[in-house]
Each structure stands twice: as C-alpha cells, then as structure tokens.
Amino acid sequence: MSERLNMYAYHWEMRYVDGKGSFRRAFEFTGYGFLPSPIGSAIIIPMSVNYILNAKTPKISIAQLQNPDVMRAVMLHVLPKDLVYSNLIINLAVTVWSLVIWSFAIKHSREIEFRNAFITALIPTVLFGIYQVWSLLRLL
6 MSERLNMYAY
16 HWEMRYVDGK
26 GSFRRAFEFT
36 GYGFLPSPIG
46 SAIIIPMSVN
56 YILNAKTPKI
66 SIAQLQNPDV
76 MRAVMLHVLP
86 KDLVYSNLII
96 NLAVTVWSLV
106 IWSFAIKHSR
116 EIEFRNAFIT
126 ALIPTVLFGI
136 YQVWSLLRLL
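According to this note's numbering, the stretch in the sequence shown is residues 6 to 145, in order.
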C-alpha cells in the first residue's frame, strides 16, 4: 500500500521536473526502496523481544486496563525509553537508506538528473520521517 502511495507521489512530482519513462517502470524500480525495511525489522524485533522478555510487568486490575493513562504507564515500563530511541534511530537510518535507493530508482527509471530525483524522493520521505518521529515520541 505505501509503495503505491509513494509511487503516485513520485509520479505526480515528475510532472514538474520533465521526467520521461513509463509509470510501470518507475513503479518497478522504486519498489526496491522497500528492501531495507525487512533488514531494519530483523534488527529491531530481536531487540524488542529481549527487552520484553526481561521486563517485569506490574500487576494491574481489569478496571485499570480500561484507563489509557495506566496502559501508557505500563507500556513505558515494559518498553523503556532506550528501546524507543534506538528503534527511532534504526527506523530513521532505514528511511535514509530507502531514500538513496528511491533517488537512484527515479533517476534511472525517469531519465532525470540525480538532483531532481533526490528532491522528488525527498518530499514523501520527509513526510514519512516526520510521521515516524511523531508517532514514537507521542508514545513517550
């Protein structure tokens, strides 16, 4: 789903930088930009599992489970800030890695200069990066 949204954003932006080439070819090339995601997950998941297995969960009642503030406190107790910040750093690194791949994919699939391809890939990537930071910091 996000691959399609990114590709539509890239295709829309291409109209302003005189890109050539087919939408299908650009769609195929930019799909490679999602390859770093499983690698990032392969790093994050074991870290998270290690923290969760070693966490001491507090005893709470059924009534407390319905209170969002209590649930947030429990989540922060189980998932410490170290884990949240390290996940944020890894996610941002994966996003930058994807940005580089998308830039080269757009450059080669649409036959434009690297500068224009980078700017085209940067706009949706920055929006996605802002969303990632906001959603993780909202947890804290």
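Even glycine gets a Cβ: it sits at the ideal position worked out from N, Cα and C. The structure displayed is predicted, hence computed values, not measured ones.
Asked                                                                                                                                                                                             : Found
Which residues in the same chain as valine 99 place their Cβ atom closer than 8 Å to its Cβ, once the five residues preceding and following it in sequence are excluded?                          : Pro41, Ser42, Ile44, Gly45
Please go through the same chain and pick out, in chain order, the residues whose beta-carbon is closer than 6 Å to the beta-carbon of serine 103, but skip the five residues on each side of it. : Gly38, Pro41
Given a threshold of 16 other Cβ atoms within 10 Å of its Cβ, counted over all protein chains shown, does serine 140 qualify as buried or as exposed?                                             : exposed
So, is arginine 30 buried or exposed, given that buried needs 16 or more other C-beta atoms within 10 angstroms?                                                                                  : exposed
So, are the CB atoms of isoleucine 95 and isoleucine 48 less than 8 Å apart?                                                                                                                      : yes
Taking serine 91 and methionine 52 to be in contact with their CB atoms under 8 Å, please state how far apart those CB atoms are, rounded to whole angstroms.                                     : 7 Å
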